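Listed in order, the protein sequences are those of chains A and B. With the working numbering as the guide, the letters of the first sequence map in order to residues 3 to 231. With the working numbering as the guide, the letters of the second sequence map in order to residues 3 to 231. All remarks here apply to the structure that follows.
There are 2 protein chains.
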Amino acid sequence: MSAPQDTDSRKRLNREAVLEAALELVDSEGLEALSMRRLGQALDRDPMGLYRYAASRADLLDGITELVLNELAIFPTDPDWQAQLRRIAHDLRLLALRHPNVVPLLVTRPLSTPLGLRPLGTLRPLEQILGLLIEAGFAPNDALHVYRAYYGFLYGHILNELQEYIVDPEENVALLRLGLHRLPAREFPNLRELAPVLADYDGEAELDEGISILLSGLAERLGAAPTGP
Amino acid sequence: MSAPQDTDSRKRLNREAVLEAALELVDSEGLEALSMRRLGQALDRDPMGLYRYAASRADLLDGITELVLNELAIFPTDPDWQAQLRRIAHDLRLLALRHPNVVPLLVTRPLSTPLGLRPLGTLRPLEQILGLLIEAGFAPNDALHVYRAYYGFLYGHILNELQEYIVDPEENVALLRLGLHRLPAREFPNLRELAPVLADYDGEAELDEGISILLSGLAERLGAAPTGP
DNA sequence: CGGATGTATCTACACCGTAGACTCTAGGCG
DNA sequence: CGCCTAGAGTCTACGGTGTAGATACATCCG
Chain A
3 MSAPQDTDSR KRLNREAVLE AALELVDSEG LEALSMRRLG QALDRDPMGL YRYAASRADL
63 LDGITELVLN ELAIFPTDPD WQAQLRRIAH DLRLLALRHP NVVPLLVTRP LSTPLGLRPL
123 GTLRPLEQIL GLLIEAGFAP NDALHVYRAY YGFLYGHILN ELQEYIVDPE ENVALLRLGL
183 HRLPAREFPN LRELAPVLAD YDGEAELDEG ISILLSGLAE RLGAAPTGP
Chain B
3 MSAPQDTDSR KRLNREAVLE AALELVDSEG LEALSMRRLG QALDRDPMGL YRYAASRADL
63 LDGITELVLN ELAIFPTDPD WQAQLRRIAH DLRLLALRHP NVVPLLVTRP LSTPLGLRPL
123 GTLRPLEQIL GLLIEAGFAP NDALHVYRAY YGFLYGHILN ELQEYIVDPE ENVALLRLGL
183 HRLPAREFPN LRELAPVLAD YDGEAELDEG ISILLSGLAE RLGAAPTGP
């Protein structure tokens, strides 16, 4: 009658469990809904107790980005680097669509922390992709440049796609039309005319096409100036 | 002796003045420092009075992004669309470096508002670049795709560059070294080895190179499948 | 048993966005 | 002139936030 009630939700916590609950909250109710008190409530714990597992709210946010990025699998020794980069791109895209509310964290957190001080989990993709490229024959310098082009393109695409993404596909067209109808016709003729095209955006195809272009450009460069013996 | 003290900072306000003060605050002290109370203090006004010029804090943020994007000049009728796109890219980069704290808003605000309901000022670049491309001979459909590739690349680059940007160039190397030194050597060999290269990132050159590649790809496509009569 | 050590909880503070009531000012109109 | 109205400016208050610090509690070691 005095055991600390392990009925269901009162198991012993650990950092991962806390982060998972936080992620769940963010996924379902948005970033703004994530507060220590709300999270404590979701875990049926005193909010102050969470500070044992996350030093601050900022640390919590970092933890979430880390957790999400861990869903991304990279195999830096795969010899087919092009296929690998293509797969990673699609995986990251799906990950972003699965956790749209986390995307702002993904692109924003790194801006506030110098590279070397970031959570290791968020640096791992960088490290591993560098490895992949170096393994593939790029000089380390070039690998870095390639990584930047690749990841830049990827993040850009995700932001683009998510901007035009609307949750309820039923409302999608209507809302879009409604919204665009609001635009002054003489100032925004092109946007208004493109409404139907905007409405059915095939993000996957667009991403794949972009990756193809990028990869062919990169392969060309690799062929032109090989560095290995 | 009773005039409402127009000494200096107590002129009549308007939305733009408020937004400019807000931008100044964000530039100098970061996004988190922007609160109604702080802003009211900066303007020597009652915080509640600001609601006359911005309906909410969110609206304030939207206003700031709009204000910043207005610094970007686009000439949609310039026949040399490639030069135009290149210039815009560099302008946007400089703008991001001038207002690094605003960049999170730039990439993040559009994610929370359906396209048609966004502040007009933030849609204008899209509209005008579409105009530029259509004028250049792209079919409207293609113009949209090209825009996405272009802007995606651009945003990606800016995020990349800002991630590695550190304010005080004196501390830069030291901090970076310090940070990277922290990384476990066996897990992050590539990153550690690339520290010196990371330290002197020439964002302008990298951007320009990327734009060149993109433009040549685009020009090729335009040449391959022209749409005009 | 006594102490010590780590966990959980509570209280309190300074700050936030903003709803709503209130005061004050300027101007129009009889 | 006096009065009324509309709007701008101000104040107070409410329910929320992150988190420092004190306090209570459990658990283990000697």
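Think of the CB as a built atom: it goes at the ideal place given N, C-alpha and C, for glycine as much as any other residue. Bear in mind the structure is a predicted one, so any value in this text is a computation, not a measurement.
query	result
CB-CB length for PRO142/A against ILE136/A, believed under 8 Å	6 Å
C-alpha distance - ASP8/A paired with LEU45/A, whole-angstrom precision	Here ASP8/A scores only 43 on pLDDT, less than 50, and its place in the model is too uncertain to base an answer on.
7 Å CB neighbourhood of ASP29/B in its chain, flanking five on each side removed	HIS101, ASN103
Interface partners of TYR153/A on chain B, CB under 8 Å	GLY158, ASN162
Coil, strand or helix - ALA19/A by DSSP	helix
Sequence-distant residues of its chain with Cβ nearer than 7 Å to LEU97/A (five each side left out)	VAL70, GLU73, LEU74
Cβ-based burial, GLU189/B [other Cβ within 10 Å; buried from 16]	exposed
Residues from the stretch 86-106 of chain B in contact with chain A, defined by Cβ distance under 8 Å	PRO102, VAL105, PRO106
Residue-chain proximity (PHE190/A, chain B), Cβ-Cβ < 8 Å	yes
Close beta carbons around ALA187/A, own chain, < 7 Å, minus the five adjacent residues each side	ARG194
Assigned exposure category for ARG155/A - 16 Cβ within 10 Å defines buried	Reading off the sequence shown, one finds Phe at residue 155/A, where the question assumed Arg. Result: buried.
Cβ-Cβ separation, TYR153/B to ASN162/A (assumed contact under 8 Å), whole Å	7 Å
Cβ-based neighbour list, GLY212/B, same chain, cut-off 8 Å, excluding 5 preceding and 5 following	PHE155, HIS159
Euclidean distance between Cα positions of THR115/B and TYR157/B	18 Å
Contacts of GLU195/B in chain A (Cβ-Cβ under 7 Å)	PRO142
Whole-number beta carbon distance between LEU27/B and ARG40/B, since they are thought to touch under 8 Å	7 Å
Segments assigned beta strand (DSSP E), at least 3 residues, entirely inside the stretch 33-65 of chain A	none
Nearest-angstrom Cβ-Cβ length linking VAL20/A and ALA56/A, presumed shorter than 8 Å	6 Å
Cβ of PRO198/B within 8 Å of any chain A Cβ	no
Given PRO112/B as reference, the closest of ASP82/A, LEU63/A, LEU164/A once Cα atoms are compared	LEU164/A
CB contact below 8 Å: ARG84/A versus chain B	The sequence shown places Gln at residue 84/A, rather than the Arg named in the question. Chain B contact via Cβ: absent.
Euclidean distance between Cα positions of VAL105/A and ILE76/B	29 Å
Listed by chain order, chain B residues near ARG54/A by CB distance under 8 Å	Result: empty, since nearest Cβ-Cβ is about 23 Å, beyond 8 Å.
Alpha-carbon to alpha-carbon, TYR149/A and LEU185/A	39 Å
Contacts that THR110/B makes with chain A (C-beta to C-beta distance below 8 Å)	PRO106, VAL109, THR110
Test: LEU63/A CB closer than 8 Å to a CB of chain B	no
Contacting residues, own chain, Cβ-Cβ under 6 Å from PRO121/B (five flanking each side not counted)	ASP64, GLU68
GLU206/B versus ASP82/B - alpha carbon distance	21 Å
Beta-carbon contacts of GLU34/A that lie in its chain and below 6 Å, excluding the five residues immediately before and after	none
Under 8 Å between C-beta atoms of ARG95/B and LEU209/B	yes
With 16 other Cβ atoms within 10 Å as the buried cut-off, status of VAL199/A	exposed
Whole-number beta carbon distance between LEU224/A and GLY133/A, since they are thought to touch under 8 Å	About 16 Å; that fails the 8 Å criterion.
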